[in-house]
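In what follows, a single structure is set out as structure tokens and then discussed.
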Amino acid sequence: MYANVSVENKSNYIDSPFTYGTGDLDLKVGSKVTVPFGNKEKEGIVLSLSDKTELDPEKIRDVISLDEASSLNDEMVQTAIWMKQRYAIRYYDALNLFMAPLKPRKRGTPKEPFKDIESDYEKPEELTDEQKMAVRRITEAQKFNHESYFLIHGVTSSGKTEVYMEVIDDCLRRGKGAIMLVPEISLTYQLIQRMSGRFGKENIAILHSRLTLRERSDEWMRIKKGEARIVIGARMGVFAPMENIGAIILDEEHEATYKSDMTPKYDTHEVAAKRLMYHKGALILGSATPSVSSYERVKEGIYRLIEMKRRYNETPLPTVEMVDMREELRSGNASIFSRRLEEKLQEVLEDGKQAILLQNRRGYSNFISCRECGTVMKCPECNISLTYHKEGNSMVCHYCGRKYPAPKLCPSCGSKYIKYFGIGTEQVEEKTRELFPGYRVDRLDIDRLKDRSELERILGDFAKGDTKILVGTQLVAKGLDFDNVGLVGVIAADTTLNIPDYRAEERTFQLITQVAGRAGRGKDRGTVIVQTYEPGNYAFKAAREHDYGKFFEEESRIRSFMEYPPFGDIIMVNVTSDDGEELEKVIEGLRAYMLKLVGEGQERRVMNPKEAVNFKGHDAFRQYIILKAPRGKRNEYVHYLDQYRKNILSQRLQANITIDVNPYSIF
Ligand code: ADP
Ligand code: ZN
Ligand code: ZN
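If you're matching positions, the sequence shown starts at 7 in the working numbering and goes up one per residue.
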């Protein structure tokens, strides 16, 4: 017998599997093996087995050993192979996503993260009619032993999480497992608390990147052995080594973090759907503000829609007020608080309630420039303007994370008139403290989350009511469930609207709706105050009226006209090199190739090359070209572009090419 093995390596030149003899080992597709490679030993995964080989049997060496415990199975290998083609990534990079980061431990007991977590979860006495209906539709569909895809469009607090838990319960009863994903690691904590109260922590494993490699490997093993049949995780959880998957749930399915923007690039929705075809399980996407792409799939009959329109306790959705900041300025108020917001904050606090203030930008100021000569402080590595952080008195690049000391004098002209523009969370926190000295203010953004316990403390203090005002980035908008929040203020709602991305309106609508959902989850109706310079934008109008349908209609009209996703695909090809001339040559060739690919009369589909400012990599020169593919052409174009990439590699040109379909940030 011969085994085709994908061998561990990082080289762009080595991707095809290598053939080995199986010796007397009992190998299967997915077996993790050690093989001879040159004069070294390397690890690999068996992709396929065969009786014959076209190679000279004399020259074929045998597999050295098998690591049964760390092996994958057929489904995982097939999914990885599919990913390789769909995303034009390497076999081993795709397989690696399914593997434990470390070898199984030889001794000692696994360290279960959050083993002793406390939970005050109580199962509701009765589900609402909408909840019952949702559960019934999903579990009924499962009886046909066929994969099924659902989108739950449920307003915030409609009780989606209870529905997920019922579905998970049903999976367990049928002897299957379930994977539940959230878009942000910071959201896993509340979920683990709730789920462990219901299912017991011993049945739950956690997978996300803030666990240590040892913890992650131990959790991996608990899943593989079937000890933990529920997985809670961030997007990497979709690769859980579960043998029998009954359901994969993506909560807040619209979030950008479900798309991996690092190599290997992939889309969690698609990987989940692919795995479930094999397992014949249910894909459940849930959101109060579904992505335009997912909602379009409902319209096309690919996903089944479940609507949950009522909040479980019938609290009305909060009133959303827009404040026109141009008016504020005209009447002489240059503060970051409009008069309306300040007044309402005062009222809510005096009432003993709490407030959340959203500013979707961390740091103090997001823009630093010299008033003498106009120089803007930029990261020399990324060419991106630097954000001033008062904590540490430094300028930070939000792309690469590099820190620079804040300048006292302008580096270009020596002037001391350095000015800071824009508002970040640090500044909102500071100004809020000044304005409301009697109330405790806290801040939640990734700068505050240096370790795991910080998040728990910040959320804990707010839940207990010790913190009266919580200032934060979008982290405060997502899924947090507190009873006593009477007011949500959005400081500068245009921050997300003005990013150069075709999804800017979608993200703005989502962010406002989501953060609005944090208000008035208790008994009383809450208030949301949105400060903007563009109150007429349709995203704001629809958010004010809680009207998703209206937003979707307007947005999909524009997208379909522009052939933006989901009505077409944006294929971005990045080329980087240490050699500027070589880069130009490759880019020119690539553009010509793309023009040929799209055919005559379709030239408008190929954009001009641009410098890639936000590309994380070591090469000095980087450019990208965008190709707008019409619907149905994605796989074909990706395939041919991948051929082009291989061709460049085989010529040993000094250039790296990566392909990203529908990337989440284009600048
Ligand atoms: P969503 O995920 O849709 O925002 P959740 O599932 O988090 O909503 O529910 C919001 C709150 O309502 C939670 O505190 C939950 O315990 C409670 N809840 C949900 N369904 C019920 C029910 N049927 N009876 C009582 N309380 C419920
Ligand atoms: Zn200057
Ligand atoms: Zn940088």
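We put the beta carbon where it would ideally sit given N, CA and C, even for glycine. Owing to the predicted nature of the structure, the values given are computational and were not obtained by experimental measurement.
Could you tell me if residue i is buried or exposed, where buried requires 16 or more neighbouring beta carbons within 10 angstroms of its beta carbon?
i    : result
C388 : buried
Y423 : exposed
Y451 : Rather than Tyr, the amino acid found at residue 451 in this sequence is Asp. Its Cβ being crowded by 16 or more others within 10 Å, D451 is buried.
A626 : exposed
A635 : buried
I665 : buried
L335 : exposed
M578 : buried
A340 : exposed
P247 : buried
D135 : exposed
K230 : buried
K16  : exposed
G114 : exposed
T218 : exposed
M268 : exposed
From residue i to residue j, what does the alpha carbon distance come to, in whole angstroms?
i    : j    : result
E617 : Q433 : 32 angstroms
G307 : I290 : 15 angstroms
G183 : R281 : 13 angstroms
T381 : S421 : 11 angstroms
E436 : M383 : 23 angstroms
V69  : M82  : 21 angstroms
K46  : T40  : 10 angstroms
D57  : Y195 : 50 angstroms
G27  : L72  : 13 angstroms
V644 : R550 : 40 angstroms
V482 : R222 : 26 angstroms
S671 : T59  : 45 angstroms
L392 : D457 : 24 angstroms
Y98  : I191 : 26 angstroms
Q608 : D507 : 23 angstroms
E353 : F442 : 12 angstroms
P572 : R513 : 15 angstroms
R637 : E462 : 45 angstroms
F673 : N662 : Residue placement at F673 cannot be trusted, given a pLDDT of 49 that sits under 50; the coordinates are not used to answer.
V13  : Y646 : 25 angstroms
F427 : R377 : 11 angstroms
L415 : M401 : 14 angstroms
E559 : S566 : 11 angstroms
L659 : E606 : 29 angstroms
I576 : M568 : 11 angstroms
A279 : E356 : 49 angstroms
S54  : K34  : 8 angstroms
E118 : N209 : 11 angstroms
Q365 : F373 : 15 angstroms
Which one of the options has the shortest CA to CA distance from residue i?
i    : options                   : result
E64  : Y8, E81, T519 and D73     : Y8
D530 : N490, R446 and Y19        : N490
L455 : L363, S656 and G478       : G478
A598 : H624, I632 and E569       : I632
T582 : L596, P541 and E512       : L596
I475 : L461, V494 and E460       : V494
R3   : V188, R228 and K286       : Nothing about residue 3 can be read from this structure; the chain reaches only from 7 to 673.
M227 : K409, I312, T85 and A75   : A75
Y674 : E569, A499 and A522       : Nothing can be reported for residue 674: it is not among the residues displayed for the chain, which extend from 7 to 673.
V220 : I312, P413 and P107       : Per the sequence presented here, residue 220 reads as Arg, with Val not at that position. The shortest C-alpha separation from R220 is found at P107.
M201 : I390, K231, R179 and Y170 : Y170
L603 : D648, F567, D472 and K129 : D648
Y272 : A86, I212 and S54         : A86
Q516 : I535, Q537, I505 and Q480 : Q480
I254 : I144, E233 and L351       : I144
K536 : Y405, T218 and I362       : The sequence shown places Val at residue 536, rather than the Lys named in the question. Of the candidates Y405, T218 and I362, the one whose C-alpha sits nearest the C-alpha of V536 is I362.
D126 : V592, L197, T295 and P417 : L197
M109 : G407, S77 and G523        : Rather than Met, the amino acid found at residue 109 in this sequence is Lys. Nearest option by C-alpha distance: S77.
What residues are listed by DSSP as bridge partners for residue i?
i    : result
A9   : Y26 and L55
L213 : G239
R111 : None; R111 has no bridge partner.
F245 : DSSP output for F245 lists no bridge partner at all.
Q629 : V581 and E617
T664 : N580
I424 : C376
S71  : T40
V644 : For V644, which the question treats as bridged, DSSP gives no partner whatsoever.
Residues around ligand 2, please: the ones whose beta-carbon is closer than 5 angstroms to some heavy atom of it, in chain order.
Listed along the chain, these residues meet the criterion: C376, E378, C379, T381, C416, S418, C419 and S421.
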